[in-house]
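Data block below; observations after.
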Amino acid sequence: MEALLERVLKRVMTRGSLGVTTATGRTYVAGTGDPKVHIRFTTKAAERAVLFDPELEIGEAITDGTLVIEKGSITDFLDLVMAQPGVTTPTFASRLMLLARMAGRRIAQFNPRGRSQRNVAHHYDLDGRLYSLFLDSDRQYSCAYFEHPDQSLDDAQLAKKRHLAAKLMLDRPGLKLLDIGCGWGGLGLYMSEVGGADVTGVTLSKEQLAVAQGRVKERGLDRHVDFRLQDYRDVPETFDRIVSVGMFEHVGVAHYGTFFRKAHDLLKEDGVMMLHAIGRQEPPGVTNPWIAKYIFPGGYIPALSEVLPHIEKAGLIVTDIEILRLHYAETLKAWRERFMAHREEAKRLTDERFCRLWEFYLAGSEMAFRHQNMMVFQIQLARRQEAVPITRDYLAAAEERLRAAEFAVHAPPLRLAGE
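Using this note's numbering, you'd call the opening residue of the sequence shown number 228 and step up by one each time.
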């Protein structure tokens, strides 16, 4: 088995090189050149598992400490390995595992109301202090919008909210807006404070809801913002605007029809909706099994070819699609660097195993966007062709108005001389 793993690694490593120490203590190099990353297996069982099912077992071995990065970091290792072509299915056994997962993906993504809430709680109901270690000050847990390379994470997340608000055409105060998957409330608060909308936000996370409701009270927005613990399928009202950011990945392929039919029914005849979600720039696939097991159970990243047919069948019109390519890679890089800077604090809140798990999650996700055709799509939807302008020219002017409104909302109070 040790020899077979060596042959596979040497075949896979066509870019750069990887140093390997086996569980028996033998050392070799896969690839060409002096390796900048060196790994060591501590058990033969870990070698067998990685050979059989690398997509699941590499993450498990690193998390459990049976695969140790002796030179470089987890990020360096994943950057090297995930850039290799064909790395996800290098053996016959791993290809069989992929076929089996494809066959069962609808069952894995079956998300009725109760299961949806349990899946959300698995990830989002962690200790809130953990998220504070790596997110921006507004706790935006989704792809930022980097307007220039050196933009800070906080400014890029603000730019994301502004960009979405511009596309939603918040052109008059008092519009009724639904935020599906409102998280800690930052986007909904922006839509109300800056955009002038009356916001209803729904989430399935009790921890996030408590924070979001606290922020509403703190800012005195009770009459304009209502955050609820509610499944989007149970929302009874209709709205002028709908926004959903980072929630669609948890819907599941089998529920796409339900999602867009409900969106159609929730949206007023002249309404506008923005859907911001992670997608894949390749044919339909499966959720990475390690991510599905440890991070986002029931989640799936779709191809646009899986999404658009359900939009069409629901009677909605696609008025604009924008693809954000490396924006999430840069967002995840910022999260990873912040997490690593506060790793000791994270370890005090959790333990060493969790820190390895979380570093693997952030680094692996970043490299998926850099090397494996992941992207973010923003789809603008309406029920009528005339709901939005026929060109994108309105966006620049809308963003400038929103920038001015941001300053008015967050500017420090004026003080008289001598105060």
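Every residue, glycine too, gets a C-beta built ideally from N, C-alpha and C.
For residue i, which residues does DSSP report across the bridge?
i, result
"alanine 530", "Arg507"
"arginine 474", "Rather than arginine, the amino acid found at residue 474 in this sequence is methionine. In the DSSP output, where bridge partners are listed per residue, methionine 474 has none listed."
"glutamine 605", "His503 and Glu549"
"valine 429", "Ile407 and Arg455"
"leucine 245", "Ala257 and Val264"
"valine 421", "Answer is none; valine 421 lacks a bridge partner."
"phenylalanine 468", "Residue identity differs from the one stated: residue 468 is arginine in this sequence, not phenylalanine. For arginine 468, which the question treats as bridged, DSSP gives the partners Leu404 and Val499."
"isoleucine 544", "Ala609"
"isoleucine 296", "Ile266"
"leucine 494", "Phe466"
Is the separation between the beta-carbon of residue i and that of residue j shorter than 9 Å?
i, j, result
"glutamine 367", "glycine 413", "yes"
"glutamate 420", "valine 636", "yes"
"arginine 460", "leucine 543", "no"
"alanine 530", "arginine 597", "no"
"alanine 631", "threonine 546", "no"
"leucine 307", "arginine 242", "yes"
"glutamate 374", "aspartate 382", "yes"
"leucine 405", "leucine 493", "yes"
"alanine 429", "histidine 451", "Strictly speaking, residue 429 in this sequence is valine, with alanine absent from that position. No; because the gap between Cβ atoms is not below 9 Å, this pair is not in contact."
"leucine 283", "tryptophan 517", "yes"
"glycine 408", "phenylalanine 454", "no"
"valine 648", "lysine 298", "Since the first residue shown for the chain is 228 and the last is 646, residue 648 is missing from the structure and cannot be characterised."
"leucine 380", "arginine 565", "yes"
"alanine 371", "aspartate 377", "no"
"leucine 278", "valine 235", "yes"
"glycine 512", "alanine 519", "no"
"glycine 410", "glycine 479", "no"
"lysine 394", "leucine 622", "yes"
"alanine 625", "leucine 397", "yes"
"isoleucine 178", "alanine 439", "Residue 178 lies beyond the range of the chain shown here (228 to 646); nothing can be said about it."
Drop a sphere of 10 angstroms on the beta-carbon of residue i, count the other beta-carbons inside from all chains shown, and report buried for 16 or more, exposed for fewer.
i, result
"serine 471", "buried"
"serine 300", "exposed"
"glycine 246", "buried"
"glycine 422", "buried"
"methionine 418", "buried"
"phenylalanine 634", "exposed"
"isoleucine 617", "exposed"
"alanine 541", "buried"
"glutamine 612", "exposed"
"proline 312", "exposed"
"glycine 498", "buried"
"lysine 574", "exposed"
"lysine 433", "exposed"
"proline 536", "exposed"
"alanine 327", "exposed"
"aspartate 449", "exposed"
"proline 281", "buried"
Going by beta carbon distance, what residues of the same chain come within less than 6 Å of residue i, once the five residues before and after it are set aside?
i, result
"glycine 260", "Ser244"
"isoleucine 505", "Glu476, Ile528 and Val603"
"proline 400", "Gly423"
"glutamine 605", "His503 and Glu549"
"proline 262", "Ser244, Leu245, Gly246 and Val256"
"alanine 330", "none"
"arginine 446", "none"
"lysine 403", "Asp425, Phe466 and Asp467"
Going along the chain, which residues of its own chain have a beta-carbon closer than 8 Å to the beta-carbon of residue i, five neighbours each way excluded?
i, result
"asparagine 600", "Arg507, Gln508 and Glu509"
"glutamate 229", "Thr249, Ala250, Thr251, Arg253, Lys271 and Glu274"
"histidine 569", "Leu360 and Phe361"
"arginine 580", "Thr290, Asp291 and Gly292"
"arginine 563", "Thr302, Phe361, Glu586, Leu589, Ala590 and Glu593"
"tyrosine 521", "Gly286, Thr290, Leu584 and Tyr588"
"arginine 619", "Asp547"
In chain order, what residues of the same chain have a beta carbon less than 7 Å from the beta carbon of residue i, not counting five sequence neighbours either side?
i, result
"lysine 495", "Thr465, Phe466 and Asp467"
"leucine 576", "Asp354, Arg356 and Leu357"
"valine 534", "Tyr483"
"glutamate 572", "Leu360"
"isoleucine 538", "Phe487, Val545 and Leu608"
"alanine 644", "Here the model assigns alanine 644 a pLDDT of 42, short of 50, so the residue's position is not dependable and the matter cannot be decided."
"phenylalanine 587", "Gly286, Ile289, Thr290 and Ile301"
"arginine 442", "Gly412 and Leu416"
"lysine 650", "Residue 650 lies beyond the residue range present for the chain, which begins at 228 and ends at 646; the question has no answer from this structure."
"glutamine 384", "Asp363, Asp365, Gln367 and Ala371"
"leucine 436", "Thr430, Phe454 and Leu456"
"arginine 628", "none"
Are three or more beta carbon pairs between the segment 378-392 and the segment 582-593 nearer than 8 Å?
-> These segments do not touch.
Should the segment 267-280 be regarded as contacting the segment 292-299, the criterion being three or more beta carbon pairs within less than 8 Å?
-> With the cut-off at 8 Å, the segment 267-280 and the segment 292-299 touch.
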